[in-house]
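**Student:** Heads up: the protein sequence lines correspond to chains A and B, in order.
Positions 44 to 345 (the numbering used here) are the ones given, in order, by the first sequence.
Positions 1339 to 1565 (the numbering used here) are the ones given, in order, by the second sequence.
Note that CB positions come from ideal geometry on N, CA and C, so glycine has one too.
This structure is a prediction, so every number in the text was calculated from the model and none was measured.
One structure coming up, written as structure tokens, with questions to follow.
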Amino acid sequence: MRPSTIWYILKQGFKNIKRNWMFSVASVLTMAACIFLFSIFYSITTNVNYITRQAEEKVPVTVFFDEGLPEERILEISDIIRQRPEVENIVYESGDEAWEKFKETYFGDDSAAADGFRDDNPLVNSSNLQISLNNLEQQSELVSYIEGIEGVRSINQSEQAAETLESVSNVVYYVSLVIIIILLLISVFLISNTVSVGITVRSEEIGIMKYIGATDSFVRAPFVLEGIILGTIGALIPLGAFYFIYHEVAGFILRTYNVLSLSIDFISAPVIYRTLLPIGVALGLGVGLIGSFVTIRKHLRV
Amino acid sequence: MIDLVDVTKTYGTDKPALSHASLHIDKGEFVFVVGSSGSGKSTLIKLLLKELDATSGSITVSGERLGGMKHKRIPKYRRKLGVVFQDFRLLKDRNVYENVAFAQRVIGSPSRVLKKRVPEVLKEVGLSDKYHSMPDELSGGEQQRVALARALVNRPDILLADEPTGNLDPQTSDEIMALIDTFNARGTTVLVVTHNKEIVNAMRKRVVTMKDGLIVSDEKEGIYHEA
Chain A
44 MRPSTIWYIL
54 KQGFKNIKRN
64 WMFSVASVLT
74 MAACIFLFSI
84 FYSITTNVNY
94 ITRQAEEKVP
104 VTVFFDEGLP
114 EERILEISDI
124 IRQRPEVENI
134 VYESGDEAWE
144 KFKETYFGDD
154 SAAADGFRDD
164 NPLVNSSNLQ
174 ISLNNLEQQS
184 ELVSYIEGIE
194 GVRSINQSEQ
204 AAETLESVSN
214 VVYYVSLVII
224 IILLLISVFL
234 ISNTVSVGIT
244 VRSEEIGIMK
254 YIGATDSFVR
264 APFVLEGIIL
274 GTIGALIPLG
284 AFYFIYHEVA
294 GFILRTYNVL
304 SLSIDFISAP
314 VIYRTLLPIG
324 VALGLGVGLI
334 GSFVTIRKHL
344 RV
Chain B
1339 MIDLVDVTKT
1349 YGTDKPALSH
1359 ASLHIDKGEF
1369 VFVVGSSGSG
1379 KSTLIKLLLK
1389 ELDATSGSIT
1399 VSGERLGGMK
1409 HKRIPKYRRK
1419 LGVVFQDFRL
1429 LKDRNVYENV
1439 AFAQRVIGSP
1449 SRVLKKRVPE
1459 VLKEVGLSDK
1469 YHSMPDELSG
1479 GEQQRVALAR
1489 ALVNRPDILL
1499 ADEPTGNLDP
1509 QTSDEIMALI
1519 DTFNARGTTV
1529 LVVTHNKEIV
1539 NAMRKRVVTM
1549 KDGLIVSDEK
1559 EGIYHEA
């Protein structure tokens, strides 16, 4: 294709958009709403996944021991477990330490209440080993190994916590998937509508073009371009806005929750945009393409 | 240049719009096709433009057989034809120059060719001073001149004119026909569909008369027969 032809098609594409600008604005806004919601859901799902993984890594496998098992034996077991390839780190917490931590968490400054237990540590048998893993998938393997060791009373796994978070993340995932699909369909419909208005307005011109000997692709190109431009603008606006909103909201949540000393962390905006940006732009472009193609096939007999 | 052999065109189950028509037009000829409405003239034009396909028979134009022509080939084929219509069909949002240049852009002519060729053809139709006029600012005759310039800017082998004087007064009609005649004299094959009796009788060209889908007469230097 000659540069002059490309230039001509480009000009026609923009002319289409300008000529029925109300429809164009409507399509861009719907597309923008769609991509904006997509960005929200995408970042929620990825962050829930991220936090889940963090939680899984932070909540270790905790091993408790038979009553009265001497500390030396526990440390011996600790050394054996440490040899396992799955183990990243292993921490011993004695019954006294467990009690101190418990007191601090639940009684706080109210030492009088805690003093009631003074010489009678209720958690005396709570000596435990806290194990973090290299790879969570090896958890069950490690657990069944530890279960076989003599002196082990019970094992607490992080699985349950992880599963809860995972099911929350799944719900968010499916709900957002459905909403996004509905919005995408609306966007396709609106873009298709906009392009079809353009085709109707220009039907006479299209007829003349055909008599003169314009190829199908020459007739179609401005309309395809129109769809692509609408879709891409409709994607770039919300993606740009969401970048800053995400940054602000993540910062706000962290500040609020840090007061509650909950240690959560979000993926940073640049990291999330490494995937969100290409997916968002591709969605906009794709919806624009599909919208215009559907219409051209239906309304543009060439 | 144009060859129809036993061509029939039926729409649905109605009686044929064109029935067993055979017609041969040589390169450089000037032919009037006359007849009342419903005689099959419009169908003939549509068949030649490959807007419609013949139900039976074969059509060859400028060396190309239209039957079984691939869809992709049609635009290339149409570039061999120039067409003008009764209602001019100009683009109302573009000036004279752009209307003619449009035909060159559509076929992807490089801009240096376009810049040379568009003024050339506008001069030939006598509109050198109207480049920037919009179609609505022009008289009917001037609009048809623009349409003619657009039809001829790509130097087609054949000019098809469908009632080119249908919307024009007698004097303007004569001017337009004279213009078409000069293009014919330079080698363009011309086929004019009309029911303008005065013009046909004045020009004394070949006249093909149609009635009810049949070619009823074909005369050299003919006159208009009320069919």
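1. Please report how far the alpha carbon of Lys-1388 (chain B) lies from the alpha carbon of Arg-1403 (chain B), in whole angstroms.
2. Taking Cβ positions, are Ser-70 (chain A) and Leu-328 (chain A) nearer each other than 8 Å?
3. Report yes or no: do the stretch 288–297 of chain A and the stretch 51–67 of chain A share at least 3 C-beta pairs separated by less than 8 Å?
4. Could you check what DSSP says for Arg-1493 (chain B) in three-state terms: helix, strand or coil?
5. Check Thr-1520 (chain B) in the structure and name its three-state DSSP category.
6. Which residues in chain B have a C-beta closer than 7 Å to the C-beta of Ser-47 (chain A)? List them in chain order.
7. Just the Cα atoms here: how many angstroms apart are Gln-336 (chain A) and Val-267 (chain A)?
8. Restricting to Cα atoms, I'd like to know which of B:Val-1372, B:Lys-1353, B:Thr-1348 and B:Lys-1414 is closest to Leu-1385 (chain B).
9. Within the same chain, show all residues whose beta-carbon is closer than 6 Å to that of Ala-312 (chain A), passing over the 5 residues directly before and after it, in chain order.
10. Once you ignore the five residues that flank Tyr-216 (chain A) on each side, which residues in its own chain have a CB closer than 6 Å to its CB?
11. As a quick exercise: from A:Val-186, A:Gly-334 and A:Arg-298, pick the residue whose alpha carbon is nearest that of Leu-228 (chain A).
12. How would you list, in chain order, the residues of chain A whose beta-carbon sits under 9 Å from the beta-carbon of Lys-1414 (chain B)?
13. State buried or exposed for Ser-1377 (chain B), treating a residue as buried only when at least 16 other CB atoms are found within 10 Å of its CB.
14. Taking the alpha carbon of Phe-1368 (chain B) as the point to measure from, which residue in B:Met-1548, B:Ile-1553, B:Val-1530 and B:Ser-1555 has its own alpha carbon closest?
15. Here's the rule: buried if 16 or more other CB atoms are within 10 angstroms of the residue's CB, otherwise exposed. What is Gln-1442 (chain B)?
16. For Ala-1487 (chain B), which residues in the same chain have their Cβ closer than 6 Å to its Cβ, ignoring the five residues on either side in sequence?
17. Beta-carbon separation of Phe-261 (chain A) and Val-1546 (chain B) under 8 Å?
18. Measuring CA to CA, which of A:Glu-247, A:Glu-143, A:Val-330 and A:Pro-321 is closest to Met-74 (chain A)?
19. For the stretch 179–188 of chain A against the stretch 52–64 of chain A, do three or more pairs of beta-carbon atoms, one drawn from each stretch, fall closer than 8 Å, so that the two count as touching?
20. Residues of chain B with CB closer than 8 Å to the CB of Glu-248 (chain A), please, in chain order.
21. Between B:Tyr-1469, B:Pro-1508, B:Asp-1425 and B:Arg-1416, which lies nearest to Leu-1490 (chain B) when the distance is taken from Cα to Cα?
22. List the endpoints of the continuous alpha helix (DSSP H) containing Arg-340 (chain A).
23. Can you give me the Cβ contacts of His-342 (chain A) inside the same chain, cut-off strictly under 6 Å, excluding the 5 residues immediately before and after it?
24. With a threshold of 8 Å between beta carbons, is Ile-251 (chain A) in contact with chain B?
25. Would Ile-271 (chain A) pass as a contact of Leu-332 (chain A) if the rule is Cβ separation under 8 Å?
26. Could you give the DSSP three-state label for Tyr-1562 (chain B): helix, strand or coil?
27. Find the residues of chain B that neighbour Phe-261 (chain A), judging by a C-beta separation of less than 7 Å, and give them in chain order.
28. Exposed or buried, Leu-297 (chain A), counting other C-beta atoms within 10 Å across all chains shown (16 or more means buried)?
29. Between which residues of its own chain and Ile-224 (chain A) is the CB-CB distance below 7 Å, once the five residues before and five after are set aside?
30. From the DSSP secondary-structure annotation, give me the bridge partner or partners of Val-195 (chain A).
31. Rounded C-beta distance between Lys-1379 (chain B) and Val-1371 (chain B)? I'm assuming under 8 Å.
32. With a cut-off of 8 Å on the beta carbons, I'd call Asp-1344 (chain B) and Gly-1395 (chain B) a contact; round off their distance for me.
33. Just to confirm my understanding: we take Asn-1433 (chain B), look at its own chain, exclude 5 residues before and 5 after, and list those with CB closer than 7 Å. What are they?
34. Hey, does Tyr-415 (chain A) have any beta-carbon neighbour from chain B nearer than 8 Å?
35. Arg-96 (chain A) CB to nearest chain B CB: under 8 Å?
36. Reducing DSSP to helix, strand and coil, say where Met-1548 (chain B) ends up.
**Tutor:** Let's see:
1. So the two alpha carbons sit approximately 10 Å from each other.
2. Taking C-beta atoms as the reference points, Ser-70 (chain A) and Leu-328 (chain A) fail to come closer than 8 Å.
3. With fewer than three CB-CB distances shorter than 8 Å, the stretch 288–297 of chain A does not count as touching the stretch 51–67 of chain A.
4. In the structure shown, Arg-1493 (chain B) sits in coil (DSSP, three-state: anything other than H, G, I, E or B).
5. Thr-1520 (chain B) carries a helical assignment under DSSP once its states are collapsed to helix, strand and coil.
6. Per Cβ cutoff of 7 Å: Pro-1448 and Ser-1449.
7. The sequence given here has Phe at residue 336 (chain A), not Gln. Looking at the two C-alpha atoms, the distance is approximately 7 Å.
8. Checked all of B:Val-1372, B:Lys-1353, B:Thr-1348 and B:Lys-1414; the closest Cα to Leu-1385 (chain B) is B:Thr-1348.
9. Tyr-286, Tyr-289 and His-290.
10. Once the five neighbours on either side are set aside, the close Cβ partners of Tyr-216 (chain A) are Thr-88.
11. Ranking the options by Cα distance to Leu-228 (chain A), first place goes to A:Gly-334.
12. Gly-256 and Thr-258, listed in chain order.
13. Result: buried.
14. With respect to the C-alpha of Phe-1368 (chain B), the residue from B:Met-1548, B:Ile-1553, B:Val-1530 and B:Ser-1555 having the closest C-alpha is B:Val-1530.
15. Gln-1442 (chain B) should be labelled buried.
16. Here the set comprises Val-1438, Val-1459, Leu-1460 and Val-1463.
17. Taking 8 Å as the Cβ cut-off, Phe-261 (chain A) and Val-1546 (chain B) do not qualify as a contacting pair.
18. Taking the Cα of Met-74 (chain A) as reference, the smallest distance to any Cα among A:Glu-247, A:Glu-143, A:Val-330 and A:Pro-321 is reached at A:Val-330.
19. The stretch 179–188 of chain A is not in contact with the stretch 52–64 of chain A.
20. Chain B residues near Glu-248 (chain A): Leu-1429.
21. Leu-1490 (chain B) has its Cα closest to that of B:Arg-1416, out of B:Tyr-1469, B:Pro-1508, B:Asp-1425 and B:Arg-1416.
22. Arg-340 (chain A) -> alpha helix (DSSP H) spans 312–342.
23. Scanning its chain for C-beta atoms nearer than 6 Å, with the 5 sequence neighbours on each side dropped, one finds around His-342 (chain A) the residues Ser-239 and Ile-242, in chain order.
24. For Ile-251 (chain A), the answer is yes, since a Cβ of chain B falls inside 8 Å of its Cβ.
25. It is a contact, given that the beta carbons lie within the stated cut-off.
26. It is coil, neither helix nor strand.
27. Neighbours of Phe-261 (chain A) on chain B, chain order: Val-1444.
28. Classification for Leu-297 (chain A): exposed.
29. Here the set comprises nothing.
30. Looking at the DSSP output, Val-195 (chain A) bridges to A:Phe-108.
31. Sure, about 5 Å apart at Cβ, within 8 Å.
32. The pair is a contact, with the Cβ atoms about 4 Å apart (cut-off 8 Å).
33. So the qualifying residues of the chain are Tyr-1469, His-1470, Ser-1471 and Met-1472.
34. The first residue shown for chain A is 44 and the last is 345, placing residue 415 (chain A) beyond what the model contains.
35. No, Arg-96 (chain A) lies away from the interface with chain B (no Cβ there is under 8 Å from its Cβ).
36. In the three-state reduction of the DSSP assignment, Met-1548 (chain B) falls in the strand class, which pools E and B.
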